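Asker: Top line first, the protein sequences correspond to chains Z and F.
At position 261 of the first sequence (counting the first as 1) the number is 261 in my numbering, and the numbers step up by one without a gap.
Positions in the second sequence are counted from 1; adding 1000 to them yields my numbering.
The C-beta atom is built at its ideal place from N, Cα and C for all residues, glycine as well.
Keep in mind the model is a prediction, meaning the values are calculated, not measured.
2 protein chains.
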Amino acid sequence: MKLALIGFGTVGQGLAEILRDKAADLQDKEGFDAQIVAVVTRARGSLYRPDGLDIPALLGAMERGSLSHYPDQTGLQRDWDAAKIARESSADVLVEVSPSNLQTGQPALDLCYAALDSGKHVVLANKGPVAAAYGELRQRAEKAGKRLLFEATVMAGTPSLRLGMQALVGCKIAEARGILNGTTNYILTRMEGGMSYAEALAQAQQLGYAEADPTADVDGWDAAAKAIILSAALFNQRLTFEDMDVKGISQITAQDIEAARAAGQRWKLIARVTPEGGSVQPLRLPNDHPLASVSGSTNAVTYSTDLLGEVTLVGSGAGRQQTGFGLLSDLLDIHRLWRS
Amino acid sequence: MKLALIGFGTVGQGLAEILRDKAADLQDKEGFDAQIVAVVTRARGSLYRPDGLDIPALLGAMERGSLSHYPDQTGLQRDWDAAKIARESSADVLVEVSPSNLQTGQPALDLCYAALDSGKHVVLANKGPVAAAYGELRQRAEKAGKRLLFEATVMAGTPSLRLGMQALVGCKIAEARGILNGTTNYILTRMEGGMSYAEALAQAQQLGYAEADPTADVDGWDAAAKAIILSAALFNQRLTFEDMDVKGISQITAQDIEAARAAGQRWKLIARVTPEGGSVQPLRLPNDHPLASVSGSTNAVTYSTDLLGEVTLVGSGAGRQQTGFGLLSDLLDIHRLWRS
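So this is what it looks like as structure tokens:
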């Protein structure tokens, strides 16, 4: 399986490391043999080599700051841009791991279209294209007879989508709700430990959980994008940000936290989707609620189903190898259908 | 897909009800069309009809106490025993849902062998055969080129095995631990509410959670059987009951519960397996441990993995339709591979 990576930051490098470290194991147990044939970054160069790139050399080049440090090899191209890679490369799968633009999904969205239209599968960790245009992407994938997979966009590699879309097939899901943003959950947990909102946010930024501009996290937009993706995946519903009631945690005070504690409750930023719509809201949950004990940067989702009642999945919602695994699990899914 | 059901108690009837209620939906969405061609009970008769049995009539007959009340139909046989059904019927899948004998797996185990050897897939809710002889069953299934699936044996239909064996493929699982017996968890939760062990057990029996002879639950053997199944499925390891350190909850007193509460902890009966072995033990968990908040008859399992860290699944561990769904999800899994 030949892969083209659009973006080669933390997540893309995480996938590359897993492919390097698990190559023998994946070959033995799953008959899975993947090769990175292209890597395109916005400002740190581009590489394309139909016979495959060397993963240690890719990672080494990035450590030195740019793909320009990748050694020359027969057949190596350094001048293909992302659009040309998506359209004309020999990759079987386009792996889109560039930063998300949640509103438009661009420029990633056009690359996904180009890849599907030219007969490539598309696997994403980038939420933007799926949140902005799931319906159109789905249609193009079906028309091309190719797969569109995006496990890593919700709860990183914790298999939230695979649970809802595959393992629960046969159940009717009436609602999904969860803690889908680790940064805000970390801040709320720190505030329970006595910090002010500002202190907790500063610590989250120091630890790399929150961006320098934390708006997308603390105002609920990251959780909302994930809710839109869940809604598309579970209910085939085209929600937009405008359709949703979205509220973040920046108004929550130490007094609010203390009042909840006194009542045996905890504040959690809860994203919720049903076939009718969706919302992101800070809610006070009783301490014995399954989502109340989900602490720190951990994420969780609860599916309400007709046959099983409530099914809750708890796990990591971010991280280099966690998100890398989300991509790998999609690649393995494509591989299984190929093989059979 | 033609099904032969061995056993037609709560679980078998649960599956039949789901097949009746979801027939159109499963046909539309999954292209799945299942027919029950045989039902065999120990003391309430046997039916075999190659052209399919009528589900409402089957359920109606059982309501009246026996399959002898099922109306006559062309081609209906009432005298095939389980062994003959397993060997000679036209079923594609043997669905083994008779009560478990945890030590020997019999008589179900021989029926599973017969079904596999004569070219049928085997799907089980009955823990006995899998706990007693997973290795041999696996071998016979491979030799026959047929599937052996048993999602319903651990946490009913909550997809604990599908999570560990499919959704986490690519991760290395170092340990599974969980609350795998709902009866004991219900008793412990009631004791936290102030009941004595004897009162809580009596209430569990009244609600149908615990058998008249509660030994298998309260002494940990049911959880141990599930741990053996997890160990087989995840680590391909042949644990026996003798290999495991198994302790139940019958020695836990109101004082123990109170001492834990005072320390911010809760007693839980925790089953644990690693590639090296397994155990079932009552343990005191801190209140903020992911398994501590799993209350009542709910079950949960945590997988410790290399790439994702800890992944926890929480859901129902018993029930008519929950276990019926576990069987359905295995049948859909077989169907998907057939179709592709």
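Suppose you measure from the CA of F:LEU1283 to the CA of F:PRO1159; what does that come to, to the nearest Å?
Answerer: For the purposes of this step, residue 1283 of chain F is taken as residue 283 along the second sequence, with counting starting at 1. For the purposes of this step, residue 1159 of chain F is taken as residue 159 along the second sequence, with counting starting at 1. So the two alpha carbons sit approximately 25 Å from each other.
Asker: Taking 8 Å as the threshold (beta carbon to beta carbon), is Z:PRO314 in contact with chain F?
Answerer: Stepping through the first sequence from its first residue, residue 314 of chain Z is reached at position 314. Pro is not the amino acid found at residue 314 of chain Z; the sequence shown has Val there. Interface residue, yes.
Asker: With a Cβ-Cβ cutoff of 8 Å, do Z:GLN321 and Z:ILE18 count as a contact?
Answerer: One-based indexing of the first sequence puts residue 321 of chain Z at position 321. One-based indexing of the first sequence puts residue 18 of chain Z at position 18. Cβ distance < 8 Å, so Z:GLN321 and Z:ILE18 count as in contact.
Asker: Taking Cβ positions only, does Z:PHE150 come closer than 8 Å to chain F?
Answerer: Here residue 150 of chain Z corresponds to residue number 150 of the first sequence, with the count starting at 1. So, not an interface residue.
Asker: Where F:GLY1220 and F:ILE1173 are concerned, what is the direct C-alpha to C-alpha distance, given to the nearest angstrom?
Answerer: In the second sequence, residue 1220 of chain F corresponds to position 220, counting from 1. In the second sequence, residue 1173 of chain F corresponds to position 173, counting from 1. In a straight line, the C-alpha of F:GLY1220 is about 24 Å away from that of F:ILE1173.
Asker: Between F:ASP1028 and chain Z, is any beta-carbon pair separated by less than 8 Å?
Answerer: In the second sequence, counting from the first residue as 1, residue 1028 of chain F sits at position 28. Answer no: the Cβ-Cβ gap between F:ASP1028 and chain Z never drops below 8 Å.
Asker: In terms of alpha-carbon separation, which member of Z:GLY65, Z:LEU15 and Z:ALA133 lies closest to Z:LEU239?
Answerer: Reading the first sequence from its first residue, position 239 is the one you call residue 239 of chain Z. When only C-alpha atoms are compared, the closest one is Z:ALA133.
Asker: Specify whether the region 1173-1192 of chain F and the region 1301-1316 of chain F touch according to this definition: at least 3 beta carbon pairs, one from each stretch, less than 8 Å apart.
Answerer: The region 1173-1192 of chain F is in contact with the region 1301-1316 of chain F.
Asker: Taking the beta carbon of Z:ARG190 as the centre, do at least 16 other beta carbons fall within 10 Å, making it buried, or is it exposed?
Answerer: Counting from one through the first sequence, the residue named residue 190 of chain Z turns up at place 190. Buried: at least 16 other Cβ atoms inside 10 Å.
Asker: Check the Cβ-Cβ distances between F:ALA1167 and every residue of chain Z, and say whether any is below 8 Å.
Answerer: To locate residue 1167 of chain F, count along the second sequence from 1; it is residue 167. Yes, F:ALA1167 counts as interfacial toward chain Z.
Asker: By the 10 Å Cβ neighbour count, where 16 or more other Cβ atoms means buried, how is Z:SER196 classified, buried or exposed?
Answerer: Here residue 196 of chain Z refers to the residue found at position 196 when the first sequence is read from its first residue. Per the 10 Å Cβ criterion, exposed.
Asker: Kindly list, in the order they appear in chain F, the residues whose Cβ is closer than 9 Å to that of Z:ARG138.
Answerer: Sequence index remark: in the first sequence, residue 138 of chain Z carries index 138 (1-based). Under the 9 Å cutoff, chain F gives no residues; its nearest Cβ is about 15 Å from Z:ARG138.
Asker: The beta strand (DSSP E) that contains Z:ASN299, what's its start and end?
Answerer: In the first sequence, residue 299 of chain Z corresponds to position 299, counting from 1. Note, Z:ASN299: beta strand (DSSP E), 298-305.
Asker: Could you check which residue in Z:ALA91, Z:GLY135 and Z:SER90 has the C-alpha nearest to that of Z:LEU109?
Answerer: For the purposes of this step, residue 109 of chain Z is taken as residue 109 along the first sequence, with counting starting at 1. For Z:LEU109, the nearest C-alpha among the options comes from Z:GLY135.
Asker: According to the neighbour-count rule (16 or more other Cβ atoms, all chains shown, within 10 Å of its Cβ), is Z:TRP267 buried or exposed?
Answerer: Counted from its first residue, the first sequence places residue 267 of chain Z at position 267. Result: buried.
Asker: In angstroms, rounded to a whole number, what distance separates the CA positions of F:MET1001 and F:ALA1125?
Answerer: By 1-based counting over the second sequence, the position of residue 1001 of chain F is 1. By 1-based counting over the second sequence, the position of residue 1125 of chain F is 125. So the two alpha carbons sit approximately 18 Å from each other.
Asker: Within its chain, find whatever has a CB closer than 6 Å to the CB of F:GLY1045; leave out the 5 residues flanking it on each side and keep chain order.
Answerer: As a first step, residue 1045 of chain F must be located in the second sequence, where it is residue number 45. For F:GLY1045, where only same-chain residues beyond five positions count, the Cβ hits under 6 Å are SER1066, LEU1067 and SER1068.
Asker: Let me know if Z:GLU342 comes out buried or exposed under the rule of 16 or more other beta-carbons within 10 Å of its beta-carbon.
Answerer: The first residue shown for chain Z is 1 and the last is 340, placing residue 342 of chain Z beyond what the model contains.
Asker: Could you give the distance in angstroms between the alpha-carbon of F:VAL1280 and the alpha-carbon of F:LEU1230?
Answerer: Translated into positions along the second sequence, residue 1280 of chain F becomes position 280. Translated into positions along the second sequence, residue 1230 of chain F becomes position 230. Approximately 13 Å between the Cα atoms of the pair.
Asker: Name, going along the chain, the residues of the region 155-180 of chain Z whose beta-carbon falls closer than 9 Å to a beta-carbon of chain F.
Answerer: The residues in question are ALA156, GLY157, THR158, PRO159, ARG162, LEU163, GLN166, ALA167, LEU168, VAL169, GLY170, CYS171 and LYS172.
Asker: Among Z:GLN77, Z:GLY119 and Z:SER100, which has the Cα closest to the Cα of Z:LEU91?
Answerer: Here residue 91 of chain Z is taken as the residue at index 91 of the first sequence, counted from 1. Position check: residue 91 of chain Z holds Ala in this sequence, whereas Leu was assumed. Nearest option by C-alpha distance: Z:GLY119.
Asker: Show which residues of chain Z have a CB atom less than 9 Å away from the CB atom of F:SER1329.
Answerer: Counting from one through the second sequence, the residue named residue 1329 of chain F turns up at place 329. The answer, in chain order, is ALA167, LEU168, VAL169, GLY170 and CYS171.
Asker: Return the first residue and the last residue of the alpha helix (DSSP H) that Z:PRO129 is part of.
Answerer: Here residue 129 of chain Z is taken as the residue at index 129 of the first sequence, counted from 1. Note, Z:PRO129: alpha helix (DSSP H), 127-144.
Asker: Since Z:SER295 meets chain F, which of its residues come closer than 8 Å, beta carbon to beta carbon?
Answerer: For the purposes of this step, residue 295 of chain Z is identified with residue 295 of the first sequence, where counting begins at 1. Near Z:SER295 (Cβ distances below 8 Å), the residues of chain F are ASP1288.
Asker: With a 10 Å radius around its C-beta and 16 neighbouring C-beta atoms as the bar for buried, classify Z:GLY60 as buried or exposed.
Answerer: On the first sequence, residue 60 of chain Z is found 60 positions in, with the first residue counted as 1. Exposed.
Asker: Output needed for F:GLN1237: all residues of its chain with C-beta closer than 7 Å, excluding positions within five of it in sequence on either side, in chain order.
Answerer: Locating residue 1237 of chain F in the second sequence gives position 237, where the first residue counts as 1. Cβ neighbours of F:GLN1237 beyond the five flanking positions: SER1231 and PRO1275.
Asker: So, does the CB of Z:LEU332 fall closer than 8 Å to a CB anywhere in chain F?
Answerer: For this step, residue 332 of chain Z is matched to residue 332 along the first sequence. It does; some Cβ of chain F falls within 8 Å.
Asker: Between Z:VAL218 and Z:LEU201, which are expected to be in contact by the criterion C-beta below 8 Å, what is the C-beta distance as a whole number of angstroms?
Answerer: Along the first sequence, read from residue 1 onward, the residue named residue 218 of chain Z stands at position 218. Along the first sequence, read from residue 1 onward, the residue named residue 201 of chain Z stands at position 201. Between Z:LEU201 and Z:VAL218 the Cβ distance is about 7 Å, and since that is below 8 Å, they are a contact.
Asker: Let me check understanding here. Comparing Cα to Cα, which of F:PRO1129, F:GLY1075 and F:ARG1087 lies closest to F:ASN1101?
Answerer: One-based indexing of the second sequence puts residue 1101 of chain F at position 101. Residue F:PRO1129 is the option with its Cα nearest to F:ASN1101.
Asker: Can you find the residues in the same chain that come closer than 6 Å, C-beta to C-beta, to Z:LEU15, ignoring five residues on each side of it along the sequence?
Answerer: Mapped onto the first sequence, residue 15 of chain Z falls at position 15. Once the five neighbours on either side are set aside, the close Cβ partners of Z:LEU15 are GLY324 and LEU327.
Asker: F:ASP1051: buried (16+ other C-beta within 10 angstroms of its C-beta) or exposed?
Answerer: Taking the second sequence and counting its residues from 1, the one referred to as residue 1051 of chain F is at position 51. Burial call: exposed.
Asker: Pick out whichever of F:PRO1107, F:ALA1043, F:PRO1056 and F:ALA1004 has its Cα sitting closest to the Cα of F:ALA1021.
Answerer: The residue labelled residue 1021 of chain F in the question sits at position 21 within the second sequence. According to the sequence as given, residue 1021 of chain F is Asp; it is not Ala. If we check each option's Cα against that of F:ASP1021, F:PRO1056 comes out closest.
Asker: I'd like the span of the alpha helix (DSSP H) that includes F:ILE1187, first residue to last.
Answerer: Position 187 of the second sequence, counted from the first residue, corresponds to residue 1187 of chain F. Here the alpha helix (DSSP H) through F:ILE1187 covers 1182-1192.
Asker: Taking a cut of 9 Å between CB atoms, which residues from the region 1030-1042 of chain F lie near chain Z?
Answerer: Answer set for the region 1030-1042 of chain F: GLU1030 and PHE1032.
Asker: Would you kindly check if the distance between the Cβ of Z:ILE249 and the Cβ of Z:THR341 is under 8 Å?
Answerer: Since the first residue of chain Z shown is 1 and the last is 340, residue 341 of chain Z is not available in this structure.
Asker: Note the first and the last residue of the continuous beta strand (DSSP E) segment covering Z:ARG284.
Answerer: Mapped onto the first sequence, residue 284 of chain Z falls at position 284. 277-286 is the extent of the beta strand (DSSP E) around Z:ARG284.
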